[in-house]
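> I am attaching a structure below and will ask some questions about it afterwards.
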Amino acid sequence: MNTPAIRQWSWRNTLGVYLREAEYQFWGMLRMPGFALPTLLFPTLFYVFFGLIFSHGQSRDILTYMLGTYGTFGIMAPALFGFGVGVAMEREHGILALKRVAPMPPMAYVFAKVAMSMLFALLIVILLFILGGLFGGVRLPRREWLGLAATLILGTLPFCALGLAVGMRVSGQASAAIINLIYMPMSFLSGLWVPLHFFPHWLRELALALPAYHLAQIGLSIVHMGDGSRFTTHVIYLLVFTIICLRFAQIGWRRIQDR
Amino acid sequence: MDRQHDSQTVLAALKGVSKCYGSITAVDNLSLDIRRGEILALLGPNGAGKTTSVNLLLGLAWPTTGTAELFGRSPREVATRRRIGAMLQGAQLGGHARVSEVIALYSGYYPNPLALAEVLRTAGLEGLETRPVVKLSGGQKQRLLFALALCGNPELLFLDEPSAGLDVESRRGFWSAIRRLKEAGRTMVLTTHYLEEADALADRIVVIHHGRIIAAGTPAAIKGTLAQRRIRCMTRLTLAQLRALTGVTSVKQDGPRLEIVAAQPEAVVFELLKLDSTLHDLEVSGARLEEAFLALTDETRVEKTA
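Read top to bottom, the protein sequences are chains A and B. Take any residue in the first sequence, note its place counting from 1, add 774, and you have its number in this note's numbering. Take any residue in the second sequence, note its place counting from 1, add 16, and you have its number in this note's numbering.
Spelled out as structure tokens, the structure:
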């Protein structure tokens, strides 16, 4: 083979692999209408219907509150579906095997999907903030806009971990159904569609077990609309939840590797 | 570098590898060397253990016992994998990314990738670079898999059932691409269940059946062993009598008729007619590869007991 000067591999090349992988993943998902459209449209349409149209004339507080709840609802989707369905499908279609054989660091695969989820979360946040700020008259100090945005974007992480744990285990065919069975009931039971104080007491207790509830409460407490529970409790819950999911994902990964 | 020495260099090896899935032994104490510059064909029927052998060499499967080595090291090291490329069986590419984008992504994993134009030319994907992967035909997707395997300019290429799903014309094109890669000095391992394909491409054929190597040698030698014929007829002769004939690989009852597999059918038919003048419904046909494999395994069993 006539290879001229053999170039050495450096950390810069590795960094390049991570960035290209993320770029490829993001554009791939953005160009997939079955993923991009519901992900970007559901939270924004819910906000328009239930916030801007149905609550018309009521206090702006509801519109601020809904930025936190529909924001949480929105950012869960790219993480859960991107990982849960994406990993299951790529595993089943032999794409994961292709990447394992290629000299790609396995973490680049995870990083790319996290970056994709966060970029989608950013788009959802921008869309909701434009709707709330320009059309709903929501007024917040800049610090709170940024705090809420950061919460929603970083808040994708626990759901990335949950999706990864599911995607490592379930079949590609079953994955979309299973993710929906997690996503929809969790959104409802965490008070993302109907505020929790409309729920019977025992159902409210259930919300405490759900990561979506805790993320929404962090966001809401930033705009001073939390239910009075402690900020650090929510953060610790989400950290522990993420670690448990990653542990399950790791077990799944080992099972794939040891085949 | 000294050529003689070069061709002795072992790039990849399985050393006494067994691989069990539960109670099923997919690969059974198999040892294999892949030497620099050769095209090695793993030939065998479906389920013989070819893909498992390749997966063991690639680090996609881990041996139950024994070791798999790539360049004398673990196949799971990223640095080792920079020197190989692989076309995996059953990998289904999809998504809305364009052909050139997918190739660019995979090229980026390697330190010295080939130029995009060269990859497209070798894989026969010219003119398709802007097409989204989802819109490719089955054969085109297969060629894209080939492109992804070779884009990193690897020293060693693994091609698992590379021509599966290709029509006759694309298969010929594919074969000439493989020959050009060989002329450029690349080492290749390919699996196939077509003797014709192994014969057309390989320097060395290893025949695998039930996870074991049952024959290994040059294509000419293997073809001689595997080119079996099937004789079917109605005869009064017993199975035992037929088995005793020279040149008979195997005999079995097929309804009222007897079925004999032999390398030289003429001599066997001559003997048959001498022994049984009432013999009728005679039919000689080419044996299927599966039958030839069976013949080989029977032979090895006989050799072992002898």
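Just so you know, even glycine gets a beta-carbon here, dropped at the ideal spot from N, CA and C.
(1) I'd like to know if the region 785–796 of chain A and the region 132–139 of chain B are in contact, where contact means that at least 3 CB-CB pairs between them fall below 8 Å.
(2) Less than 8 Å between the CB atoms is what I'm expecting for residue 122 of chain B and residue 164 of chain B, so what's the real figure, rounded?
(3) Please state whether the Cβ-Cβ distance between residue 938 of chain A and residue 857 of chain A is less than 8 Å.
(4) Can you confirm whether the region 950–965 of chain A touches the region 912–921 of chain A when touching is taken to mean that 3 or more C-beta pairs between the two stretches lie within less than 8 Å?
(5) Quick one: list the residues of chain B neighbouring residue 790 of chain A, beta-carbon separation under 9 Å, in chain order.
(6) Considering only residues of the same chain and omitting the five flanking positions on each side of residue 927 of chain A, which have a CB-CB separation below 8 Å?
(7) What number of angstroms, rounded off, separates the C-alpha of residue 966 of chain A from the C-alpha of residue 147 of chain B?
(8) State the start and end residues of the unbroken beta strand (DSSP E) segment that holds residue 878 of chain A.
(9) Taking contact to mean at least 3 C-beta pairs separated by less than 8 Å, is the region 77–84 of chain B in contact with the region 103–112 of chain B?
(10) Hey, is residue 872 of chain A's beta-carbon within less than 8 Å of any beta-carbon in chain B?
(11) Using CA coordinates, which residue listed in A:879, A:945, A:890 is at the minimum distance from residue 789 of chain A?
(12) Comparing alpha-carbon positions, which option in B:44, B:192, B:32, B:258 lies nearest residue 216 of chain B?
(13) With a threshold of 8 Å between beta carbons, is residue 835 of chain A in contact with chain B?
(14) Would you give the residue range spanned by the alpha helix (DSSP H) that residue 37 of chain B belongs to?
(15) Restricting to runs no shorter than 4 residues, where is the alpha helix (DSSP H) found entirely within the region 896–938 of chain A?
(16) For residue 802 of chain A, which of B:241, B:60, B:85, B:149 has the nearest alpha-carbon?
(17) Out of curiosity, what's the CA-to-CA distance linking residue 221 of chain B and residue 84 of chain B?
(18) Could you compute how far the alpha carbon of residue 37 of chain B sits from the alpha carbon of residue 1023 of chain A?
(19) Would you identify the three-state DSSP class for residue 174 of chain B, choosing helix, strand or coil?
(20) Report the option in A:810, A:988, A:839, A:785 whose CA atom is closest to the CA atom of residue 968 of chain A.
(21) For a contact meaning CB atoms closer than 7 Å, what does residue 94 of chain B contact in chain A?
(22) For residue 112 of chain B, go through chain A and note every residue whose CB falls closer than 7 Å to its CB, in chain order.
(23) Check the C-beta distance from residue 206 of chain B over to residue 166 of chain B and give it rounded, since I have them as a contact under 8 Å.
(24) Does the Cβ of residue 42 of chain B have 16 or more other Cβ atoms within 10 Å, making it buried, or fewer, making it exposed?
(25) Classify residue 995 of chain A: buried if its beta carbon has 16 or more other beta carbons within 10 angstroms, exposed otherwise.
(26) In whole angstroms, what separates the C-alpha of residue 978 of chain A from that of residue 181 of chain B?
(27) Taking C-alpha atoms, which residue in B:64, B:267, B:301, B:172 lies nearest to residue 257 of chain B?
(28) Please tell me whether residue 277 of chain B and residue 60 of chain B are closer than 8 Å, where the distance is taken between their beta carbons.
(29) Is the CB of residue 868 of chain A under 8 Å away from at least one CB in chain B?
(30) Quick one: measure Cβ to Cβ for residue 877 of chain A and residue 94 of chain B, integer angstroms, because I've assumed they're closer than 8 Å.
(31) What's the C-alpha gap between residue 261 of chain B and residue 67 of chain B?
(32) Is residue 867 of chain A helix, strand or coil by DSSP?
Reading off the structure:
(1) no
(2) 5 Å between Cβ atoms; contact.
(3) yes
(4) These segments do not touch.
(5) Near residue 790 of chain A (Cβ distances below 9 Å), the residues of chain B are 124.
(6) 849, 892, 895, 896, 899, listed in sequence order.
(7) One C-alpha to the other measures close to 41 Å.
(8) Element bounds for residue 878 of chain A: n/a, residue is neither H nor E.
(9) no
(10) yes
(11) A:879
(12) Selected option, being the one with the closest Cα: B:192.
(13) no
(14) Run containing residue 37 of chain B: none in the alpha helix (DSSP H); it sits in the beta strand (DSSP E), 26–37.
(15) Qualifying alpha helix (DSSP H) stretches, in chain order: 916–928.
(16) Minimum Cα-Cα distance from residue 802 of chain A among the listed residues B:241, B:60, B:85, B:149 corresponds to B:149.
(17) Roughly 19 Å between the two C-alpha positions.
(18) Cα-Cα distance, rounded: 22 Å.
(19) Residue 174 of chain B falls in the strand class under three-state DSSP.
(20) A:839
(21) Ordered by position in chain A, the residues that pass the 7 Å Cβ test against residue 94 of chain B are 877, 879.
(22) Going along chain A in sequence order, the residues near residue 112 of chain B (Cβ under 7 Å) are 802, 805, 806.
(23) At roughly 13 Å, the Cβ-Cβ gap does not stay under 8 Å, so residue 206 of chain B and residue 166 of chain B are not in contact.
(24) Buried is the call here.
(25) buried
(26) 56 Å
(27) Answer by Cα proximity: B:267.
(28) no
(29) yes
(30) 5 Å
(31) 37 Å
(32) Looking at residue 867 of chain A - three-state DSSP - the assignment turns out to be coil, as it is neither helix nor strand.
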